[in-house]
Every structure is written in C-alpha cells, then in structure tokens.
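For the sequence shown, this note's numbering assigns the number 2 to the initial residue and increments by one for each residue that follows.
Structure record follows, encoded as structure tokens.
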Amino acid sequence: MVHKRLPGPAALAKMKDEVKRQGSSCAENGTRTPRAAVLPQRMQNNHQLFLNICMWRQKALVVLVIILLLWRRNRDGRKRVKYAPLVPRDVWRQTELTRLIDTSDRTCISQLRMCRALFYKLSARLREKGLLQDTCHVSVEEQLAMFLKILGQNHTMAAVGFSMWRSGETVSRYFNQVLFAMGELARELIYVRSTDTHDKIASSPNKFYPYFEGCIGALDGTHIRACVPAKMVDRFRGRKSYPTQNVLAVVDFDLRFTYVLAGWEGSAHDSLVLQDALSRTNGLKIPQGKFYLADAGYAARPGILPPYRGVRYHLQEFIGPREPKCPKELFNHRHSSLRTTVERAFGTLKHRFKILNNKPFIPFKSQVKVAIACCAVHNWILDNGPDELILDEATWYSQLPRSANRVSDYDGDVREWALKRDLIAQQMWNDRVGVYELPIIYFWMTKLQDVLKTEEGVSRNKYAWSDEETKFMLEWYIGVQKDKPTTFSWKQSYHLQCADALNERFGNGVTRNQVHRHFKACKERWSWIASARAKSGYGFDATTHKFIIDPSEKDPKKLGPTKYNYLTRPIKFFNLLEELFLNSSLADGSLALDQSTVNVPSDSDESEGVKELENYQMTEDDGGVDSDTIPRHSPSTEGTICSKKRKRVPSKNAWKGKRCRGNMNDEVSSSIMRLCDALMCANPAATVQNNVIREEPSDPNASLWKRIDDLVITETDKIAIATYLSQPNQEKFCGFLKAASDKTFQTWVMEFIGQKYGMA
Numbered sequence: 002m003v004h005k006r007l008p009g010p011a012a013l014a015k016m017k018d019e020v021k022r023q024g025s026s027c028a029e030n031g032t033r034t035p036r037a038a039v040l041p042q043r044m045q046n047n048h049q050l051f052l053n054i055c056m057w058r059q060k061a062l063v064v065l066v067i068i069l070l071l072w073r074r075n076r077d078g079r080k081r082v083k084y085a086p087l088v089p090r091d092v093w094r095q096t097e098l099t100r101l102i103d104t105s106d107r108t109c110i111s112q113l114r115m116c117r118a119l120f121y122k123l124s125a126r127l128r129e130k131g132l133l134q135d136t137c138h139v140s141v142e143e144q145l146a147m148f149l150k151i152l153g154q155n156h157t158m159a160a161v162g163f164s165m166w167r168s169g170e171t172v173s174r175y176f177n178q179v180l181f182a183m184g185e186l187a188r189e190l191i192y193v194r195s196t197d198t199h200d201k202i203a204s205s206p207n208k209f210y211p212y213f214e215g216c217i218g219a220l221d222g223t224h225i226r227a228c229v230p231a232k233m234v235d236r237f238r239g240r241k242s243y244p245t246q247n248v249l250a251v252v253d254f255d256l257r258f259t260y261v262l263a264g265w266e267g268s269a270h271d272s273l274v275l276q277d278a279l280s281r282t283n284g285l286k287i288p289q290g291k292f293y294l295a296d297a298g299y300a301a302r303p304g305i306l307p308p309y310r311g312v313r314y315h316l317q318e319f320i321g322p323r324e325p326k327c328p329k330e331l332f333n334h335r336h337s338s339l340r341t342t343v344e345r346a347f348g349t350l351k352h353r354f355k356i357l358n359n360k361p362f363i364p365f366k367s368q369v370k371v372a373i374a375c376c377a378v379h380n381w382i383l384d385n386g387p388d389e390l391i392l393d394e395a396t397w398y399s400q401l402p403r404s405a406n407r408v409s410d411y412d413g414d415v416r417e418w419a420l421k422r423d424l425i426a427q428q429m430w431n432d433r434v435g436v437y438e439l440p441i442i443y444f445w446m447t448k449l450q451d452v453l454k455t456e457e458g459v460s461r462n463k464y465a466w467s468d469e470e471t472k473f474m475l476e477w478y479i480g481v482q483k484d485k486p487t488t489f490s491w492k493q494s495y496h497l498q499c500a501d502a503l504n505e506r507f508g509n510g511v512t513r514n515q516v517h518r519h520f521k522a523c524k525e526r527w528s529w530i531a532s533a534r535a536k537s538g539y540g541f542d543a544t545t546h547k548f549i550i551d552p553s554e555k556d557p558k559k560l561g562p563t564k565y566n567y568l569t570r571p572i573k574f575f576n577l578l579e580e581l582f583l584n585s586s587l588a589d590g591s592l593a594l595d596q597s598t599v600n601v602p603s604d605s606d607e608s609e610g611v612k613e614l615e616n617y618q619m620t621e622d623d624g625g626v627d628s629d630t631i632p633r634h635s636p637s638t639e640g641t642i643c644s645k646k647r648k649r650v651p652s653k654n655a656w657k658g659k660r661c662r663g664n665m666n667d668e669v670s671s672s673i674m675r676l677c678d679a680l681m682c683a684n685p686a687a688t689v690q691n692n693v694i695r696e697e698p699s700d701p702n703a704s705l706w707k708r709i710d711d712l713v714i715t716e717t718d719k720i721a722i723a724t725y726l727s728q729p730n731q732e733k734f735c736g737f738l739k740a741a742s743d744k745t746f747q748t749w750v751m752e753f754i755g756q757k758y759g760m761a
C-alpha cells in the first residue's frame with residue numbers, strides 16, 4: 002500500500018483559493034459545490050487533530066515518567082520486605098518433619114507419643130483404607146504428625162502451624178480430617194479381643210482363680226475437662242469446679258479399651274452413663290456368664306460386680322501387718338488388685354495425651370471425638386508391641402490413684418449378684434483361713450443372712466413411699482425453692498429439714514438419706530421425661546399427662562420396664578415435677594458418642610450453639626488435682642497414704658466421707674430415740690433391744706450376756722468374750738456395748754475373735 006504525502010501549507014492555500022473561485026463561479030451559475038472541493042478542508046482538520054493528539058500524548062508521557070521517578074525514589078528510601086520463594090519453604094517443612102520423626106525414637110515418642118515404626122505403620126494403614134490421602138502440598142505423614150502433636154502436647158493450631166511452617170487454617174482443616182479418620186478406625190481398634198479367662202486370673206490359683214473366673218475386664222468412669230457454651234456450663238459442672246465430660250470406659254486386663262462412651266455431662270451419675278451404654282443398639286454388650294469389675298459407685302447387677310461398700314478397699318490400706326480380717330476385706334483386696342487395670346489405663350491415657358488434662362480449645366463435638374480417638378491410638382500402640390509409657394504394676398501400686406466411694410451414685414444391689422459376691426467372698430475366706438477358723442465363718446454366715454433380709458443390705462433401709470408422702474415432699478421443696486436465687490443448690494441440711502417435716506406430718510421415721518435418695522429418683526425421673534418429650538417420635542397429652550406413641554411400639558420387651566411404665570401410663574405429680582425441676586440443668590447425654598457412632602451425623606451439635614466457639618465460656622484453672630490421681634481414703638480408720646517420700650501413720654482423726662458420717666448419725670440418733678423411749682417407760686429397769694421393750698433382771702449386764710448367748714458361735718468363744726467383759730476395768734466398755742447397735746456389737750465380736758485366733 003502506497004501512502005501519499007500530505008500537501009504542504011502553500012499547496013493547501015493554493016487549493017483553498019481554487020476552491021473559492023470555483024465556489025463563487027458555482028454560486029453565480031446556481032450549481033452545487035463538488036465533493037472534491039470539500040475534501041482538502043476535511044483533510045486539514047484531521048491533520049490538526051492528529052497534531053493535537055500527539056502533543057497531549059507527549060505531555061502525558063512526560064508526567065508519567067516524572068511519577069515513576071518519584072515513586073522509585075520513595076521506594077528506594079524505604080526498607081524492602083523480602084518474600085521467600087516457595088521452593089525453600091517446602092524444604093524447610095520437610096526438614097522440620099524429618100527432624101520431628103526420623104531423628105530418633107526418643108524424639109518421636111516425646112513429640113508424637115509413639116515410636117517411628119508405629120507412626121509410619123499407622124500412616125500406611127490410613128492411606129491404604131482411603132481415610133487419608135496425600136495432597137500436592139501436605140503428605141499423610143505430615144497430617145498425622147500435626148494431629149498427634151496437638152493431642153500429645155496440647156498445642157494450639159497456631160503453635161503447630163508456626164513450628165510446621167503452615168497456617169492455622171491449614172492445621173485446623175487437616176486436624177479435622179485426621180480426627181474423622183481416627184473415628185472410623187476406632188471401630189476396628191476398640192472391641193473385645195477375647196471372652197476367655199485371662200492369663201492374669203488363670204495363672205493365680207487360690208488368689209484370683211477360680212473366684213473371678215468369667216471376668217473379662219473392668220469398667221469405670223473418668224472426668225475430662227470440657228469447654229461448652231455458657232448456657233450449658235451448669236450441666237457439665239459436677240464434683241469439679243470446672244466443666245467436665247463424663248467418659249465411661251471398659252478395659253481388659255491387657256489395658257486395651259474395649260468400649261468407650263464419651264460426651265456425657267459432668268453432673269451425670271456414673272450409673273446413668275452405664276445405663277445409657279447398656280441401652281444403646283451397638284452399645285456395651287456383656288456376654289452370658291461373663292462380668293466386669295466396677296467400683297463402689299455402681300450397684301451389683303447382672304454382669305457388673307462391685308466391691309463391698311464401707312469396707313477397706315484400696316491396696317495401700319492392706320500394706321504390712323494390716324491384712325484382711327474378714328471375708329469382705331479379703332474380697333475387696335483381691336477385687337482392687339484386678340480393678341486397678343482400668344485406673345492404670347486411664348492414668349496411661351492422660352499421661353500420653355496432654356490434651357485430656359488441660360482446657361480444650363476446640364468445639365465440644367470435637368472434644369468428644371478426641372477422647373475416643375485417644376483411646377483408639379492407645380489401642381493401636383498396644384496392639385503393635387510393648388509400650389514404655391505404661392508403668393508396670395509394682396511402680397503403679399507405689400503411686401496408685403484412688404477414687405472415692407461415690408455413695409450418691411449407688412442405686413442398690415440386685416439380690417442375685419449381691420449373693421454371688423457374698424459366696425465368692427466366703428469361698429475366698431474358707432480357702433485362706435482353713436477349717437480351724439470355723440467360729441468366724443459361722444459368725445460371718447449369720448451376718449450374710451442378715452444382709453439378705455433386705456433388698457439393699459443392712460447399711461441401707463429401703464422405704465416404701467406413699468403418694469401422699471411424695472406429694473408432701475415435692476410441695477415442701479417447691480416452697481423452699483420459691484424464694485431462692487437462680488444459683489441456688491440443694492444442700493444436705495435441706496434434706497434433713499424435709500425429713501423432719503415428714504416425720505412431724507406423718508410420723509414415719511424417715512431419715513435424711515432416704516429423703517435425699519427419693520429426691521434424686523424424682524429428679525432422674527423428670528430428666529427422662531424431659532428428654533422423651535424432646536424427641537420427635539413421642540407425643541404428649543398435657544391434659545392426661547400421658548405420652549402418645551404408636552400402639553405397635555408398646556412392647557415391654559422392646560422398651561424395657563422403665564420406658565414401658567413411663568410411656569404407657571399417666572405420669573404422677575407431673576405438675577409438681579415440672580415446677581420443681583423445669584429450670585434445673587439436667588444431664589441427658591444428648592451429645593454422648595461411642596466408637597460406633599463417633600462419625601454418625603446428628604442434629605445434637607446444632608443445638609445451643611456448640612459449634613460456635615464465641616458462645617463458649619472459658620473457665621479458670623482451680624489448681625486442683627485430677628480425679629484419677631487425687632488421693633482419698635476408704636471408710637476405714639486404719640487407712641494410710643503411702644508415697645515415695647514419706648508415710649503417714651494412721652491417726653484418730655482419719656478422714657471419713659460426709660455420706661458415711663451421715664449414715665452413722667442416723668444410726669446413732671435412732672439408738673438414742675430407742676433409749677429415750679425406754680427411760681420414759683413406767684418400769685425404769687426396762688431396756689430397748691431390737692425395738693422391743695424387755696424387762697431387765699437385777700444383774701445390770703444381763704442384757705449384754707443375753708446378746709452374747711444369742712450369737713451363733715462356739716461355746717468356748719462365748720465364754721472367752723464373757724470372761725473378758727467381766728473384768729473390773731471393762732465396766733464402762735460393757736455399758737457402751739449395751740447401748741450400742743447390733744451392727745457395732747457384732748463388729749466388735751468379730752474383731753475380738755480375730756485377735757484370739759491370731760488374725761488381727
């Protein structure tokens with residue numbers, strides 16, 4: 002294409018004059034100006050426009066150059082921020098991961114709580130099952146390392162991200178992924194390995210075998226610190242000053258967890274958590290003819306064998322010359338030797354994973370899953386070889402943790418299993434002491450018969466509450482609660498006042514403990530009713546106070562006796578129960594999960610804002626000691642606390658539980674009332690024995706001799722006791738025995754005969 006050169010100014014002027022001449026001639030002739038004559042004018046205008054554009058472009062370019070020069074001058078004056086390239090950062094991440102895992106087994110165990118071989122084996126297992134996958138930036142090993150570092154060291158997401166050269170969001174995302182994967186793997190790791198008699202029992206004849214034949218493990222509950230929304234704190238605050246979750250675990254004698262139920266509120270009784278575990282579809286299943294050992298907080302029931310309450314139990318209390326003196330103490334001593342398995346498992350678990358002993362920083366739903374994941378990792382380590390973090394029994398006994406006998410959780414023994422426990426204890430005693438201790442055996446069998454006279458034993462008097470008494474009790478508590486603040490809680494003094502009011506109204510002689518137990522039963526009943534009303538499958542008629550359910554579901558075998566009675570009958574005192582317990586925080590276990598339901602989707606985590614950490618209330622540390630390590634005494638004056646540093650000699654002011662003192666006060670008050678009734682009789686020589694007024698002969702100790710003669714022991718032992726009490730210096734002691742209750746008198750006789758035969 003050939004570009005023509007534009008005409009110059011002279012040529013344009015000449016062309017302009019020519020156009021004017023032609024235009025004037027056309028105007029004179031009356032003709033139109035030709036197009037060729039207008040074209041040069043337009044070309045001149047375009048040329049001028051082009052020149053203007055070029056000029057402004059040059060000016061803009063000059064201004065831009067000036068701005069760039071000024072910006073560069075200012076930039077050179079500032080301190081430059083240097084950004085590292087991506088390749089060195091990946092190298093640093095890999096270097097940190099290698100230093101964390103491959104340096105040595107000691108470093109790996111210290112940081113990740115397992116050796117290198119188990120770590121790589123677990124990573125391969127998660128990769129093979131498709132639970133975790135390598136990404137373009139994070140490998141499975143790094144994901145698992147970040148997860149174990151949080152569990153083992155209780156480090157925050159930000160702290161782990163800083164050490165691993167990752168952002169907090171990246172650590173949080175992969176933490177949740179590994180937590181889900183371990184929840185899936187928990188179904189394969191937490192299960193019953195065998196139902197045969199364990200070698201620990203079979204290899205100890207005359208100590209554990211054949212008495213505990215059929216025992217496949219031990220169960221217990223432990224409290225793990227929790228962080229929950231502010232409106233739920235009261236439900237999770239139990240015997241601790243801070244919120245906790247109640248975790249029920251079953252452990253075999255190899256310290257492996259066979260069942261875990263986590264997420265129950267800290268205020269829930271252990272018996273309630275156990276009942277939930279037994280009622281779940283895939284929950285705790287006890288094989289026929291087998292049983293688990295439990296502590297004194299549980300009642301004797303099919304498959305659950307607890308120790309005797311109110312008797313020496315902990316191993317430190319039998320050290321040295323303080324050997325068992327009766328069948329109950331012998332049974333408790335051997336029972337404790339086996340049941341410490343679950344305490345060792347809890348101690349090892351909390352020692353391995355520091356997150357269980359400190360304030361959590363994740364939502365509560367994840368806190369529940371973390372407890373189950375820790376048990377799964379614990380089982381994985383034990384399944385693949387020995388573990389150096391588990392203390393041997395000799396070391397463990399020297400620093401053995403103790404748990405209190407939780408009287409408040411006790412619901413009463415089932416007669417069949419209470420009798421089985423008594424028979425095991427008697428068989429142990431017979432095999433230990435031999436035939437020459439026959440008098441003590443006879444005496445013990447008489448006490449065993451007394452225990453079987455009542456359903457709940459001699460230490461608990463069962464009382465049949467009438468509807469009028471129950472209504473009066475609920476109305477009394479409602480009247481007291483009306484003027485109290487929202488932070489009000491029921492103390493023992495209120496139960497004692499209620500017992501006095503009941504005795505004044507009905508004259509039934511009810512005790513404070515009986516009132517307290519009935520109050521708790523009503524509260525637990527309302528808790529079940531409230532949770533049942535919240536379920537979408539159950540309707541409720543507010544007029545008749547009765548649940549509305551499908552007739553096809555009214556099956557006693559399917560629902561169980563408790564649910565069947567509540568769901569098919571009108572609820573008594575519904576209005577009173579609602580008024581008394583409506584605003585109280587009741588544990589319902591709606592957030593509880595076990596290893597079979599840990600990853601099952603549910604709507605429970607959407608309630609009350611358990612997902613939003615902004616709604617959580619972070620409590621302050623109280624500086625207390627964990628429940629699995631706090632030393633406590635059993636109810637015995639001969640208990641001692643042993644440690645590596647020093648031993649404390651038993652004193653007269655030995656610690657006793659409040660509930661034990663309450664039982665003793667009730668017995669003393671009843672004895673005083675019987676003595677007062679005897680003194681007010683017409684015959685001043687009358688005395689009270691077994692609630693029957695009898696005439697007393699001239700001998701002041703005749704009633705005492707009669708009590709000795711009624712004992713089912715040999716005549717030689719009766720004469721020995723009478724000879725000892727006939728001494729002049731025993732006159733005051735005889736007066737004490739005459740006024741003492743049958744339980745106190747029989748206890749002293751058993752001690753006396755034991756000392757006589759060298760069993761003290």
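Glycine included, each C-beta is placed from N, C-alpha and C at the ideal position.
query	result
Tell me the DSSP bridge mates of PHE548?	PHE541
Between which two residues does the beta strand (DSSP E) containing VAL229 stretch?	It is not in any beta strand (DSSP E) - VAL229 carries neither H nor E in the DSSP assignment.
Tell me whether VAL274 sits in a helix, a strand or coil according to DSSP, three-state version.	helix
With DSSP run on the structure shown, which of helix, strand or coil describes ALA295?	coil
Note down the Cα distance separating GLN596 from CYS499, rounded to an integer number of angstroms.	44 Å
Compare the beta carbon distance of VAL599 and ALA187 with 8 Å and say whether it is the shorter of the two.	yes
Report yes if the C-beta distance between LYS355 and GLN154 is below 8 Å; otherwise report no.	yes
Starting from the C-beta of LYS201, find all residues in its chain whose C-beta is less than 6 Å away, skip the five residues before and the five after it, and write them out in chain order.	PHE254
Tell whether a beta-carbon distance below 8 Å holds between LEU583 and LYS472.	no
So is GLU324 buried or exposed if we call it buried at 16+ other beta carbons inside 10 Å?	exposed
For LEU71, count neighbouring Cβ atoms within 10 angstroms of its own Cβ and tell me buried if that reaches 16, exposed if not.	exposed
From LEU275 to ARG281, what distance separates their C-alpha atoms?	10 Å
Distance check for GLY590 and ALA301, CA to CA, integer angstroms please.	23 Å
Take GLU330 as the anchor and find which of HIS352, VAL251 and ILE425 has the nearest alpha-carbon.	ILE425
If you follow the beta strand (DSSP E) that ALA263 is in, where does it begin and where does it stop?	258-266
Do three or more CB pairs link the region 127-147 to the region 341-351 at distances below 8 Å?	no
Closer than 7 Å by C-beta to ALA1: which residues in its own chain qualify, once you throw out the five before and the five after it? Chain order, please.	As displayed, the chain neither begins before 2 nor continues past 761, which places residue 1 out of reach and without an answer.
The beta strand (DSSP E) with THR104 in it runs from where to where?	Neither: THR104 is in no beta strand (DSSP E) and is coded neither H nor E.
Can you tell me whether ARG570 is buried or exposed, with buried defined as 16 or more other CB within 10 angstroms of its CB?	exposed
What does the alpha-carbon distance come out to for the pair ILE363 and TRP265?	17 Å
Do you know offhand how far ILE572's Cα is from LYS547's?	6 Å
Taking the beta carbon of PHE507 as the centre, do at least 16 other beta carbons fall within 10 Å, making it buried, or is it exposed?	exposed
Can the beta-carbon of LEU306 be found closer than 8 Å to that of ARG422?	yes
Give me the residue from LYS757, GLY215 and GLN144 with the minimum Cα distance to GLY290.	GLY215
Which residues in the same chain as LYS757 place their Cβ atom closer than 7 Å to its Cβ, once the five residues preceding and following it in sequence are excluded?	ALA721
Quickly, what does DSSP pair PRO206 with across the bridge? List them, please.	TYR210
Give the secondary structure of LEU220 by DSSP, where H, G and I count as helix, E and B as strand, and everything else as coil.	strand
Between the region 145-152 and the region 59-73, are three or more C-beta pairs nearer than 8 Å?	no
Which residue from HIS496, THR196 and GLU129 puts its Cα closest to that of TYR478?	HIS496
Which word fits HIS48, buried or exposed, when buried means at least 16 other C-beta atoms lie within 10 angstroms of its C-beta?	exposed
If you follow the alpha helix (DSSP H) that ALA187 is in, where does it begin and where does it stop?	169-190
Just to confirm before moving on: does the CB-CB distance between TYR293 and VAL251 stay below 8 Å?	yes
Indicate whether the contact test is met: 3 or more Cβ pairs, each with one atom in the region 190-205 and one in the region 229-239, closer than 8 Å.	no
Can you tell which of TYR565, ALA419 and SER168 has its C-alpha closest to the C-alpha of GLY304?	ALA419
Look at the alpha carbon of GLY1 and the alpha carbon of ALA374, and state the distance between them as a whole number of angstroms.	Because the chain in this structure spans residues 2 to 761, residue 1 falls outside the shown range and cannot be described.
Along the beta strand (DSSP E) that carries GLN246, what are the first and last residues, could you check?	245-252
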